[in-house]
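Asks: So the sequence shown is numbered by the working numbering: it starts at 132 and just counts up by one.
I have a structure here, written as structure tokens, and I will follow up with some questions on it.
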Amino acid sequence: MQNHDTHSEMKRSSPNHATSWLEVKRPIVCLAPMDGVTNSAYRQIVRSLSKDVILFSEFTSVDGLVRSEHVRLRLDYEPCEHPFFMQLFGNSPEIFAEACRMVEDRGIWGVDINMGCPAKKIVHSQHGSALMQNPDAACRIVEAIRKACSLEVSVKTRLGWKDEKNLISFAKALESAGASMLTIHGRTYNQAFKGESDWQPIYELKRHLTIPVIGNGDIRDFNHGLEHLGNLDGFMIGRAAIGNPWCFQDRRKYPEPTHHERIEIALEHLHLYRRFKREIVAVREFRKYLGNYVSGFRNAKEWRSRLMQCNDEKTFVECMQEIKQLEPPLALAG
Ligand SMILES: Cc1cc2nc3c(=O)[nH]c(=O)nc-3n(C[C@H](O)[C@H](O)[C@H](O)COP(=O)(O)O)c2cc1C
Numbered sequence: 132m133q134n135h136d137t138h139s140e141m142k143r144s145s146p147n148h149a150t151s152w153l154e155v156k157r158p159i160v161c162l163a164p165m166d167g168v169t170n171s172a173y174r175q176i177v178r179s180l181s182k183d184v185i186l187f188s189e190f191t192s193v194d195g196l197v198r199s200e201h202v203r204l205r206l207d208y209e210p211c212e213h214p215f216f217m218q219l220f221g222n223s224p225e226i227f228a229e230a231c232r233m234v235e236d237r238g239i240w241g242v243d244i245n246m247g248c249p250a251k252k253i254v255h256s257q258h259g260s261a262l263m264q265n266p267d268a269a270c271r272i273v274e275a276i277r278k279a280c281s282l283e284v285s286v287k288t289r290l291g292w293k294d295e296k297n298l299i300s301f302a303k304a305l306e307s308a309g310a311s312m313l314t315i316h317g318r319t320y321n322q323a324f325k326g327e328s329d330w331q332p333i334y335e336l337k338r339h340l341t342i343p344v345i346g347n348g349d350i351r352d353f354n355h356g357l358e359h360l361g362n363l364d365g366f367m368i369g370r371a372a373i374g375n376p377w378c379f380q381d382r383r384k385y386p387e388p389t390h391h392e393r394i395e396i397a398l399e400h401l402h403l404y405r406r407f408k409r410e411i412v413a414v415r416e417f418r419k420y421l422g423n424y425v426s427g428f429r430n431a432k433e434w435r436s437r438l439m440q441c442n443d444e445k446t447f448v449e450c451m452q453e454i455k456q457l458e459p460p461l462a463l464a465g
């Protein structure tokens with residue numbers, strides 16, 4: 132795990148470390164922050180398959196980071212994860228500033244401020260999406276972070292509260308406050324995850340900003356992302372990436388992973404996961420990734436249901452080995 136002593140060493144030596152957005156390869160392709168999904172183990176797996184993806188951590192409370200040693204374990208990562216953004220939520224500029232200094236001390240590249248989470252608990256505390264309703268408070272947070280450290284500061288938000296009419300003014304204010312990138316999920320707070328995401332307001336927004344703008348919502352994979360890119364600087368993939376770390380690869384250059392590769396990567400992923408969690412917790416939490424890992428297998432339904440019932444690592448690994456023997460190594464055509 133990264134610690135303070137190796138911080139500057141890592142900054143110099145990491146092949147993925149770029150110092151500014153100007154150096155980041157276009158299009159900027161991002162793994163979305165996803166609570167319970169984009170922890171260090173999964174970020175490492177995605178990085179092992181795609182060296183240019185910008186990785187975003189799960190969201191973490193700034194109050195938690197400042198107060199709790201346990202929450203600070205979220206700052207642990209491996210140098211291969213660079214460049215990555217630690218996503219934070221909260222609403223106090225002072226606490227954001229303190230938390231961001233901790234993030235910077237750990238050699239992490241940037242922070243992303245969550246201004247899009249629609250969960251009741253988060254919004255009631257004036258965090259996440261609630262900040263779209265209060266642009267002054269949102270800008271004070273960005274300014275406080277800018278003053279406190281030299282991290283890249285990005286913001287992830289939505290089209291708006293119930294429509295997109297304030298999107299341009301909100302985003303321009305964030306840019307003036309010092310945000311160095313914006314990611315827009317093409318849904319409103321009211322929509323939560325309902326309906327289809329709308330990228331038209333995001334294309335329009337980009338015409339008014341100079342900082343990079345990343346589009347997010349309903350992208351299946353890299354090539355689908357390219358179809359949506361338009362005038363944007365990049366795109367971000369969330370749900371489609373859960374258990375499908377290959378989705379960031381350009382299929383014009385890389386073949387689809389074989390069934391055997393899928394099994395091997397899933398086992399490696401579980402192995403990494405075990406470093407962070409107790410066995411029973413790791414095996415159970417791993418279930419959320421399984422759907423995609425065995426997607427397209429001849430007996431996918433049966434395998435999924437058997438794997439879902441595993442409660443220890445040994446049974447899980449044996450089941451995976453059995454699948455490997457019984458399934459043809461290559462994806463079946465058609
Ligand atoms: C399980 C799950 C957890 C999520 N957690 C976060 C989070 O911690 N922070 C955040 O900004 N968005 C979070 N999101 C939203 C995603 O980052 C993304 O904006 C959304 O899923 C739309 O993109 P997609 O259609 O590619 O999935 C989460 C989404 C899912 C499905």
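Backbone N, C-alpha and C define an ideal beta-carbon position, used for all residues, glycine too.
1) Taking the alpha-carbon positions, what's the residue 391 to residue 453 distance?
2) Grab me the residues of residue 319's own chain with a C-beta within less than 8 angstroms of its C-beta, minus the 5 sequence neighbours each way, in chain order.
3) Determine the closest residue to residue 194 out of 258, 311, 160, with distance taken between C-alpha atoms.
4) Count the other CB atoms within 10 Å of the CB of residue 169; is the residue buried (16 or more) or exposed (fewer)?
5) Please state whether DSSP places residue 287 in a helix, a strand or coil.
6) Measuring from the CB of residue 218, is there a heavy atom of ligand 1 at a distance below 7 angstroms?
7) Apart from the five residues just before and just after residue 464, which ones in its own chain have a Cβ nearer than 6 angstroms to its Cβ?
8) Can you give me the Cβ contacts of residue 367 inside the same chain, cut-off strictly under 6 angstroms, excluding the 5 residues immediately before and after it?
9) Do you know how far the Cα of residue 263 is from the Cα of residue 269?
10) What's the call for residue 337, buried or exposed, on a 16-neighbour Cβ count within 10 Å?
11) Excluding the 5 residues flanking residue 278 on each side, which residues of the same chain have their C-beta closer than 8 angstroms to its C-beta?
12) Answer with buried or exposed for residue 281, where buried requires no fewer than 16 other C-beta atoms within 10 angstroms of its C-beta.
13) With respect to 7 angstroms, is the separation between the Cβ of residue 370 and the closest non-hydrogen atom of ligand 3 below this value?
14) Give, in chain order, every unbroken run of the beta strand (DSSP E) that is at least 3 residues long and sits entirely within the segment 327-379.
15) DSSP has residue 270 in a bridge; who is on the other side?
16) Among 415, 275, 255, 248, which one has its Cα closest to the Cα of residue 231?
17) State buried or exposed for residue 287, treating a residue as buried only when at least 16 other CB atoms are found within 10 Å of its CB.
18) If you measure between the beta carbons of residue 439 and residue 418, is that distance less than 8 angstroms?
19) Work out the CA separation of residue 284 and residue 297 for me, nearest whole Å.
20) With hydrogens ignored, establish whether the beta-carbon of residue 189 is closer than 7 angstroms to any heavy atom of ligand 1.
21) Applying the 10 Å Cβ sphere with the 16-neighbour rule, what's the burial state of residue 178?
22) Taking 7 angstroms as the cut-off, is the CB of residue 164 close to at least one heavy atom of ligand 1?
23) Would you give the residue range spanned by the alpha helix (DSSP H) that residue 450 belongs to?
24) Does the separation of the CB atoms of residue 187 and residue 236 fall below 8 angstroms?
25) Checking 8 angstroms against the spacing of the C-beta atoms, do residue 425 and residue 435 come in under that value?
26) Can you tell me whether residue 474 is buried or exposed? The criterion is at least 16 other CB atoms within 10 Å of its CB, across all chains shown.
27) Which of the three DSSP states, helix, strand or coil, is assigned to residue 236?
28) Identify, in the order they occur along the chain, each residue of the same chain with its Cβ nearer than 8 angstroms to the Cβ of residue 459, setting aside the five sequence neighbours on each side.
29) For the beta strand (DSSP E) containing residue 162, name the first residue and the last one.
30) Using the DSSP secondary-structure output, state which residues sit across from residue 219 in a beta bridge.
Replies: On the basis of the data shown:
1) Taking the straight line from one Cα to the other gives about 11 angstroms.
2) Excluding residues within five positions, the ones whose Cβ falls inside 8 angstroms are 289, 290, 291, 292, 293, 294, 295.
3) Looking only at 258, 311, 160, the smallest Cα-Cα distance to residue 194 is reached by 258.
4) Classification of residue 169: buried, given that the 10 Å Cβ count is 16 or more.
5) In the three-state reduction of the DSSP assignment, residue 287 falls in the strand class.
6) Yes, the Cβ of residue 218 comes within 7 angstroms of a heavy atom of ligand 1.
7) Here residue 464 scores only 44 on pLDDT, less than 50, and its place in the model is too uncertain to base an answer on.
8) Closer than 6 angstroms at Cβ, skipping near neighbours: 161, 163, 314, 345, 347.
9) Distance between residue 269 and residue 263, taken at the CA atoms: about 7 angstroms.
10) Per the 10 Å Cβ criterion, buried.
11) Listed in chain order, the non-local C-beta contacts of residue 278 below 8 angstroms within the same chain comprise 228, local neighbours out to five positions each way being set aside.
12) The Cβ neighbour count for residue 281, taken over all protein chains shown within 10 Å, is under 16; the residue is labelled exposed.
13) As far as ligands go, the structure on display features ligand 1 and does not contain ligand 3.
14) Fully enclosed beta strand (DSSP E) runs of no fewer than 3 residues occupy 344-347, 365-368 of the segment 327-379, in order along the chain.
15) Looking at the DSSP output, residue 270 bridges to nothing.
16) The option with the nearest alpha carbon to residue 231 is 275.
17) Buried, because 16 or more other Cβ atoms sit within 10 Å of the Cβ of residue 287.
18) For residue 439 and residue 418, yes; Cβs fall inside 8 angstroms.
19) Answer to the nearest angstrom: the Cα atoms are 21 angstroms apart.
20) Under cutoff, so the answer is yes.
21) The residue in question, residue 178, is buried, as its Cβ has 16 or more Cβ neighbours within 10 Å.
22) The closest heavy atom of ligand 1 lies less than 7 angstroms from the beta carbon of residue 164.
23) Run containing residue 450: 444-457, per the alpha helix (DSSP H) assignment.
24) Contact: no.
25) Yes, Cβ-Cβ distance for residue 425 and residue 435 is below 8 angstroms.
26) Residue 474 falls outside the range modelled here, since the chain spans only 132 to 465, and no answer is possible.
27) Of the three classes helix, strand and coil, the one that applies to residue 236 here is helix, per DSSP.
28) Same-chain partners within the cutoff: 390, 429.
29) Unbroken beta strand (DSSP E) run through residue 162: 159-162.
30) Note: residue 219 is bridge-paired with 191, 244 in the DSSP secondary-structure output.
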